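J.: What follows is a single structure, and I will ask about it in a moment.
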Amino acid sequence: FDIGASERVNEVEAHAGAIWSVTPFPGGQGFVSGSADHVVKFWDYELVQDPDNLTKRLAITNVLTLRLLKDVPLVRFSPMPKYMPVALLDSTIKGFFGGSLK
1 FDIGASERVN EVEAHAGAIW SVTPFPGGQG FVSGSADHVV KFWDYELVQD PDNLTKRLAI
61 TNVLTLRLLK DVPLVRFSPM PKYMPVALLD STIKGFFGGS LK
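Going by the UniProt record's numbering, the sequence shown opens with residue 1, and the numbers climb by one from there.
Following this line, the structure appears as structure tokens:
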């Protein structure tokens, strides 16, 4: 969004369902999102050149997708960012290793 011009500059089709959780990576290089479409997506921030006015703008790129069997209302990182708990709509919590997703 360009605040000065009050206009949207980019739109990303991130999920097929409602996005219920957005959590920044511990290092700040991106974030993870959880959705009603049973998917957890990992996103990286990047600066891209805007071809219209030769300025750079912040963009996001999906770098990894984790498909699950239920809706994902919450994704977090543990205080030790090695672990990533994911809450599912069936009241279960799945635990994954942050780097390998095992």
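All residues carry an ideal CB built from backbone N, CA and C; glycine is no exception. All values derive from a computational prediction rather than experimental measurement.
Since Asp-90 is in the beta strand (DSSP E), which residue starts that stretch and which ends it?
T.: From DSSP, Asp-90 is part of no beta strand (DSSP E); its letter is neither H nor E.
J.: Relative to the alpha-carbon of Ala-16, which residue among Tyr-83, His-38, Val-63 has its alpha-carbon at the smallest distance?
T.: Closest option to Ala-16, Cα to Cα, is His-38.
J.: Who are the Cβ neighbours of Leu-101 in its own chain at under 7 Å, not counting the five residues just before and after it?
T.: Closer than 7 Å at the Cβ level, and outside the excluded window around Leu-101, lie Leu-66.
J.: When you compare the CB positions of Lys-82 and Leu-88, do they come within less than 9 Å of one another, or not?
T.: Result no, Cβ atoms of Lys-82 and Leu-88 do not sit closer than 9 Å.
J.: Please name the residue, chosen from Ser-6, Gly-4, Tyr-45, Thr-23, that lies closest to Val-12 on a Cα-to-Cα basis.
T.: The option with the nearest alpha carbon to Val-12 is Tyr-45.
J.: Grab the span of the beta strand (DSSP E) containing Gly-34 for me, first residue to last.
T.: Its beta strand (DSSP E) spans residues 30-35.
J.: Compute the Euclidean distance between the alpha carbons of Ala-59 and Thr-92, then round it to the nearest angstrom.
T.: So the alpha carbons of these two residues sit roughly 33 Å apart.
J.: Return the CA-CA distance between Leu-74 and Ser-21, expressed in angstroms with no decimal places.
T.: Answer to the nearest angstrom: the Cα atoms are 5 Å apart.
J.: Going by DSSP in three states, Asn-62 sits in which element: helix, strand or coil?
T.: Strand.
J.: Would Ile-19 pass as a contact of Ser-6 if the rule is Cβ separation under 9 Å?
T.: Cβ distance not < 9 Å, so Ile-19 and Ser-6 don't count as in contact.
J.: With distances taken between CB atoms, is the gap from Thr-23 to Arg-57 smaller than 9 Å?
T.: Not in contact: Thr-23 and Arg-57 (Cβ atoms no closer than 9 Å).
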